[in-house]
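Trainee: Be aware that the sequence shown starts at 3, since it is given in this note's numbering, and climbs by one per residue.
Glycine is no exception: its CB is placed at the ideal position from the N, C-alpha and C atoms.
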Amino acid sequence: MTEAALATSIPPAMRRPGPGGVEAGPAWRAACAASWPSSGWRVMTVNPAAECDRLGELPAGIEAVTAQPGVAETYGRPGAWIADALACAVATGAPVVGLVNADILLSLDGGARAALVERAAQGMVACNRTDVLHGHQGEGTVYRYGYDLVMMPRDMAVRLDLSGFAFGVPWWDYWIVLDAMLQGLPVMAVQCEGIRHLSHAQAWDRPGWRHALGVLMRHLAPRRDALSRLAPGPVAEAMADLLLAVAPEGESGYPIDDLMVISGTRFGIEVVRMAERDAWRLEMR
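1. Straight-line CA distance for Gln-124 to Gly-266?
2. Out of Ser-11, Ala-32 and His-202, which has the shortest C-alpha to C-alpha gap to Thr-132?
3. Between which two residues does the beta strand (DSSP E) harbouring Leu-200 extend?
4. Are Val-171 and Gly-210 touching if we call contact CB-CB under 8 Å?
5. By the three-class DSSP mapping on this structure, what secondary structure does Glu-239 have?
6. Counting Cβ pairs closer than 8 Å, one from the region 100-113 and one from the region 190-198, do we hit at least three?
7. I'd like the list of long-range same chain contacts for Asp-169, defined as Cβ closer than 6 Å, with 5 residues on each side in sequence excluded.
8. Check each candidate in Ala-35, Trp-174, His-199 and Arg-161 and name the one with the smallest Cα separation from Ala-182.
9. On a CA-only basis, which of Thr-143, Ala-32 and Gly-42 is nearest Val-119? Give me that one, please.
10. Helix, strand or coil: which one does DSSP assign to Glu-25?
11. Just list the residues that DSSP pairs Pro-209 with in beta bridges.
12. Which residue wins for smallest C-alpha separation from Arg-212, given the options Ser-230, Ile-84, Leu-246 and Glu-5?
13. Going by beta-carbon coordinates alone, are Trp-206 and Gly-137 separated by less than 8 Å?
14. By DSSP's criteria, Val-67 is part of a beta bridge. Which residues make up the other side?
15. For Thr-4, count neighbouring C-beta atoms within 10 Å of its own C-beta (all shown protein chains included) and say buried if the count is 16 or more, exposed if not.
16. Taking C-alpha atoms, which residue in Tyr-77, Glu-272, Val-67 and Ala-33 lies nearest to Pro-61?
17. Could you tell me whether the region 86-104 touches the region 10-28, using the rule of 3 or more Cβ pairs below 8 Å?
18. CA-CA distance, Gln-139 and Val-152?
19. At the level of alpha carbons, what is the spacing between Gly-72 and Ala-214?
20. Rounded to the nearest angstrom, what separates Ser-230 and Val-274 at their Cα positions?
21. So, for Ala-26: in the same chain, excluding its five sequence neighbours on each side, which residues have a beta-carbon less than 6 Å away from its beta-carbon?
22. For the alpha helix (DSSP H) that Val-119 lies in, which residues bound it at each end?
23. Tell me the rounded alpha-carbon separation between Arg-225 and Ala-6.
24. Where does Arg-31 fall in DSSP's three states?
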């Protein structure tokens, strides 16, 4: 029986720094992929057709699915749409579905997985990652400002509108929790040392960051009153109004670019604070 279905988008190649300058990307990519499948967990990687033949042999339990087109034309890099990937997970019929970034290693035993599924059957669990400097590092640093594993009931997933967001581009993880909260759906921020990420330099560019922020604001615009009902505080309200004035229309030039970066970053922090009103730490044994 499939208890949980996860979707991701494994890149054909991955580059990551390792100790002493050794390239750790291929080994980390393989370790991450091998860590996702488990008894009762079904995993799909959603990739453009041109990438599918370059993925190599995938671990047992991971199915390759051809992605819907358009990401490269929108963001200047190949990839998969978040909405497309989540729809693939929903289509499995699993009671719990979710998304995981391709560079996340799930160092979770059966008890931890069962605890995650139990919580995700009741509402969205948005999981922070733990950053490590190399694959064998024990303790790492929790990264609060993003969610690399998100799981939820299947019937919640079908209510979310994630159109316009893509793997490998910022903002989808902020919007997925905000969309749920705007609808009054339960969201819980989760910290767990077993959700591991190998630190690396940012892989996204400012134009993609700005475009995705504009997508978020276009989703938010007709639901601005719902944001106020969440009582996010005056700073969040002010940042939202500023961004709604400039981001959806794609305004650019000095000083709009810098203004978007500052106000967008602060608005993201406020979204995290709202998600953390209900928080849980999954302790590893």
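Mentor: Let me lay it out:
1. Translated into positions along the sequence shown, residue 124 becomes position 122. Translated into positions along the sequence shown, residue 266 becomes position 264. Looking at the two C-alpha atoms, the distance is approximately 30 Å.
2. As a first step, residue 132 must be located in the sequence shown, where it is residue number 130. Per the Cα distances, His-202.
3. Counting from 1 along the sequence shown, the entry for residue 200 is found at position 198. Leu-200 -> beta strand (DSSP E) spans 197-200.
4. Counting from 1 along the sequence shown, the entry for residue 171 is found at position 169. Counting from 1 along the sequence shown, the entry for residue 210 is found at position 208. Their beta carbons are under 8 Å apart, which means Val-171 touches Gly-210 by this criterion.
5. Stepping through the sequence shown from its first residue, residue 239 is reached at position 237. If DSSP states are grouped into helix, strand and coil, Glu-239 belongs with the helices.
6. yes
7. Taking the first residue of the sequence shown as position 1, residue 169 is located at position 167. Correcting the residue type first, residue 169 is Phe in the shown sequence and not Asp. So the qualifying residues of the chain are Ser-11, Gly-81 and Ala-82.
8. The residue labelled residue 182 in the question sits at position 180 within the sequence shown. Of Ala-35, Trp-174, His-199 and Arg-161, the residue nearest in Cα terms is Arg-161.
9. In the sequence shown, counting from the first residue as 1, residue 119 sits at position 117. The shortest C-alpha separation from Val-119 is found at Gly-42.
10. As a first step, residue 25 must be located in the sequence shown, where it is residue number 23. The answer is strand: DSSP assigns Glu-25 an E or B state.
11. The count along the sequence shown starts at 1 and reaches residue 209 at position 207. Per DSSP, none; premise fails for Pro-209.
12. What you label residue 212 is simply residue 210 of the sequence shown in a count that begins at 1. It is Leu-246 whose Cα lies nearest to the Cα of Arg-212.
13. Translated into positions along the sequence shown, residue 206 becomes position 204. Translated into positions along the sequence shown, residue 137 becomes position 135. No; because the gap between Cβ atoms is not below 8 Å, this pair is not in contact.
14. If you number the sequence shown from 1, residue 67 lands on position 65. Val-67 is bridged to Val-48.
15. The residue you call residue 4 lines up with position 2 of the sequence shown. Exposed, since its Cβ has fewer than 16 Cβ neighbours within 10 Å.
16. The sequence position of residue 61 within the sequence shown is 59, counting from 1. Nearest option by C-alpha distance: Ala-33.
17. yes
18. Within the sequence shown, residue 139 is the residue found at index 137, counting from 1. Within the sequence shown, residue 152 is the residue found at index 150, counting from 1. Between Gln-139 and Val-152, the C-alpha separation is close to 24 Å.
19. As a working mapping, residue 72 is identified with position 70 in the sequence shown. As a working mapping, residue 214 is identified with position 212 in the sequence shown. So the two alpha carbons sit approximately 14 Å from each other.
20. By 1-based counting over the sequence shown, the position of residue 230 is 228. By 1-based counting over the sequence shown, the position of residue 274 is 272. Each residue's Cα considered, the two are about 16 Å apart.
21. For the purposes of this step, residue 26 is taken as the residue at position 24 of the sequence shown. The answer, listed in chain order, is Arg-18 and Gly-20.
22. Position 117 of the sequence shown, counted from the start, is the residue given in the question as residue 119. Note, Val-119: alpha helix (DSSP H), 112-122.
23. Along the sequence shown, one-based indexing puts residue 225 at 223. Along the sequence shown, one-based indexing puts residue 6 at 4. Whole-angstrom Cα-Cα distance: 31 Å.
24. Stepping through the sequence shown from its first residue, residue 31 is reached at position 29. Looking at Arg-31 - three-state DSSP - the assignment turns out to be helix.
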